[in-house]
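Asks: The structure under discussion is supplied below as structure tokens; questions concerning it will follow.
Number of protein chains: 2
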Amino acid sequence: MPQPKPGQSIPEPKANAPDGRRRYKRGRIRDRNFQTILKAAEQEFALHGYRGASTQKIADRAGVAKASVHYYFSGKDNLYLAVLNNIIELWNVHLEDMKVDDDPAEVLDKFIRRKVELAHTHPQASKVFAMEIIQGAPRIKGYIRSDMRRWVREKAAIIDAWVEQGRMAPVDPAHLIFMIWSTTQHYADFDAQVLTILNHAEYERELIDRIAGFLSRMILRGCGLSPPAERAP
Amino acid sequence: MPQPKPGQSIPEPKANAPDGRRRYKRGRIRDRNFQTILKAAEQEFALHGYRGASTQKIADRAGVAKASVHYYFSGKDNLYLAVLNNIIELWNVHLEDMKVDDDPAEVLDKFIRRKVELAHTHPQASKVFAMEIIQGAPRIKGYIRSDMRRWVREKAAIIDAWVEQGRMAPVDPAHLIFMIWSTTQHYADFDAQVLTILNHAEYERELIDRIAGFLSRMILRGCGLSPPAERAP
DNA sequence: GTCTATAATCAGATAGAC
DNA sequence: GTCTATCTGATTATAGAC
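Order-wise, the sequence lines are chains A and B.
Residue numbers for the first sequence follow this note's numbering, beginning at 1 and rising by one.
Residue numbers for the second sequence follow this note's numbering, beginning at 234 and rising by one.
This is the structure we're talking about:
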């Protein structure tokens, strides 16, 4: 749970008191409950989707009364949005520093491995996000149309530059990004299917590394690139 | 709606009459309503998941009374299972005739293109199936453990043989199958995201062909294979 | 076979005691 | 800040008229 701060454009808990007193030390337990409810909500939304999840079960899972959920977040809708915002913040960290001068194989390899790692460490987050999009992304279409599209176009421009410089095979950059997204997130979203077919109880370090290696090799080779490890002398 | 037959291990409508009379011509409209409700249910389950979908909305979409849904299927649970069975039948058709003697590039290319086509023609089916698995596959874990696992192992054995014969690069067959599944289904399940980012209103023939071509090229190249088109003299 | 009316349950939300 | 009790509406399911 690496998010210490709750607020900022995310549904804020109601003001402590109208006069503003009693602010000094009360925030700690407030944040703790805030995060506990948020995490429980993520679990329930991942298990049943937005409509299917119930605030009662979220409260039960968090170990608080149902009314507390309404106190911290002002309703199911806001709670769900808070979960989604939390996920988007987590997603946005990656590939922000990518440049045309970088080595394509290294950048793509690193990106793929980070995505696999993220799928491994935050499967519920990936699932909530996946279901939101499957259901038509009714609450985050604005985000997709603005931030996410811009992000893809920025990266696509760099990949196009690499192609024009002859440093990789001519591939469609947007679809390359879709491929990396879909293959990596598949292991989080479809873990029940993947693990059952592979006859594994759960993901282990070794399997995660094997997956990351497989995806990196396949996709890099598909782009006409050699793995970064083989390139060093 | 290419499924003319409803029954067979799928929830059957209640018997017409205890004595068995009046069977000759009544089946047509019965099947029509059966299929209409099934299709409407697929839509609603794709939009809201199992828990989130309501039989009332399914009935509304199908243009029948809510009680009719309970008449044809004996409840929400059975209706959902019928939808899932319908989807599984649709999925199972492909790659059944794959043999060691076949050409790897041709088989994989054909498989990828069929999957892209299926994602294009049956996006709702893909979504219902995806959400079921994301939510832990509670109702089809048995199917995954038996039929689906056997299917993967059969195909994996053939791919392994190809690798041993040096006819393709050494890749893990199960993960190759996962890659084909995830990349192709992504365009159905995440259509809201894909289309928004690409700034398309909906999928068109040209885009579908471009996707199929991209995926086939990337994955075949990843397997050390040339596209079938380039292989013919 | 189909529909209306209704039962029984469960949902999200809020008031008010503490 | 937290809880219990309760309101209001939606949900699945069924009974019974036609």
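Cβ coordinates follow ideal geometry from the N, Cα and C atoms, glycine included.
Note the first and the last residue of the continuous alpha helix (DSSP H) segment covering B:Asn-432.
Replies: Taken as a continuous stretch (DSSP letters only), B:Asn-432 belongs to no alpha helix (DSSP H), as it is neither H nor E.
Asks: Step through the CB atoms of chain A and report whether any lies within less than 7 Å of the CB of B:Ile-367.
Replies: yes
Asks: Distance, Cα to Cα, A:Arg-221 vs A:Pro-170?
Replies: Computed Cα separation, rounded: 12 Å.
Asks: Sort B:Ala-298, B:Tyr-313, B:Gly-308 and B:Gly-285 by Cα distance to A:Glu-132 and report the nearest one.
Replies: B:Gly-285
Asks: How many angstroms separate the CA atom of A:Arg-113 from the CA atom of B:Ile-410?
Replies: Between A:Arg-113 and B:Ile-410, the C-alpha separation is close to 19 Å.
Asks: Can B:Ser-449 and A:His-186 be called in contact, C-beta distance under 7 Å?
Replies: no
Asks: Per DSSP, what kind of secondary structure is A:Leu-215 in: helix, strand or coil?
Replies: helix
Asks: Can you list the residues of chain A that B:Lys-374 reaches, using a CB-CB cut of under 8 Å?
Replies: Ala-192 and Thr-196
Asks: Where A:Phe-45 and B:Val-361 are concerned, what is the direct C-alpha to C-alpha distance, given to the nearest angstrom?
Replies: 16 Å
Asks: Is B:Glu-435 near B:Gln-357, with beta carbons less than 7 Å apart?
Replies: no
Asks: Since A:Thr-183 meets chain B, which of its residues come closer than 7 Å, beta carbon to beta carbon?
Replies: Simply Met-412, Ser-415 and Thr-416.
Asks: Going by the CB atoms, is the gap between A:Arg-61 and A:Ala-40 shorter than 7 Å?
Replies: yes
Asks: Considering only residues of the same chain and omitting the five flanking positions on each side of A:His-122, which have a CB-CB separation below 7 Å?
Replies: Leu-90
Asks: Just to confirm before moving on: does the CB-CB distance between B:Leu-328 and B:Phe-344 stay below 7 Å?
Replies: yes
Asks: Check distances from the C-beta atoms of the segment 378-401 of chain B to those of chain A and list, in chain order, the residues that come in under 7 Å.
Replies: Arg-378, Met-381, Arg-382 and Val-385
Asks: Interface residues of chain A around B:Tyr-283 at Cβ under 9 Å?
Replies: Ordered by position in chain A, the residues that pass the 9 Å Cβ test against B:Tyr-283 are His-48, Gly-49 and Gly-52.
Asks: Any beta carbon of chain A sitting closer than 7 Å to that of B:Ala-273?
Replies: no
Asks: If you draw a straight line from the alpha carbon of B:Met-401 to that of A:Val-163, how long is it in whole angstroms?
Replies: Cα-Cα distance, rounded: 26 Å.
Asks: Specify the secondary structure class of A:Asp-191 as computed by DSSP and reduced to three states.
Replies: helix
Asks: Between the alpha carbons of A:Ile-37 and A:Ala-59, how many angstroms are there, rounded?
Replies: 7 Å
Asks: For B:Asp-342, count neighbouring Cβ atoms within 10 angstroms of its own Cβ and tell me buried if that reaches 16, exposed if not.
Replies: buried
Asks: Examine chain B for any beta-carbon lying closer than 7 Å to the beta-carbon of A:Lys-115, and answer yes or no.
Replies: no
Asks: Flag A:His-94 as yes if its beta-carbon sits less than 7 Å from any beta-carbon of chain B, otherwise no.
Replies: no
Asks: Residues of chain B with a CB under 8 Å from the CB of A:Gly-222: which are they?
Replies: Arg-450, Met-451, Ile-452, Arg-454 and Gly-455
Asks: Below 8 Å on the Cβ atoms is my contact criterion, and I expect B:Ser-359 with B:Asp-422 to pass it. Report the Cβ-Cβ distance as a whole number of Å.
Replies: 6 Å
Asks: Consult DSSP for A:Arg-221 and reduce its assignment to one of helix, strand or coil.
Replies: If DSSP states are grouped into helix, strand and coil, A:Arg-221 belongs with the helices.
Asks: Using a Cβ cut-off of 9 Å, pull out every chain A residue sitting near B:Val-404, in sequence order please.
Replies: By Cβ distance, chain A contributes Phe-214, Arg-217 and Met-218.
Asks: Please name the residue in B:Ala-352, B:Val-326 and B:His-281 whose C-alpha comes closest to that of B:Glu-437.
Replies: B:Ala-352
Asks: For B:Glu-350 versus B:Pro-461, is the C-beta spacing smaller than 7 Å?
Replies: no
Asks: Taking C-beta to C-beta, are A:Gly-49 and B:Gly-308 nearer than 7 Å?
Replies: Note that the C-beta distance between A:Gly-49 and B:Gly-308 is not below 7 Å.
Asks: Once the 5 residues before and after A:Leu-47 are set aside, which same chain residues still bring their CB inside 8 Å of it?
Replies: Ala-53
Asks: Could you name the residues of chain B that A:Lys-211 contacts, counting a contact when the two beta carbons are closer than 8 Å?
Replies: Strictly speaking, residue 211 of chain A in this sequence is Ile, with Lys absent from that position. Simply His-408.
Asks: If you draw a straight line from the C-alpha of B:Asp-424 to the C-alpha of A:Pro-138, how long is it?
Replies: 13 Å
Asks: Identify the continuous alpha helix (DSSP H) that holds B:Arg-386 and give its terminal residues.
Replies: 382-397
Asks: How many angstroms separate the CA atom of B:Ile-320 from the CA atom of A:Gly-27?
Replies: 50 Å
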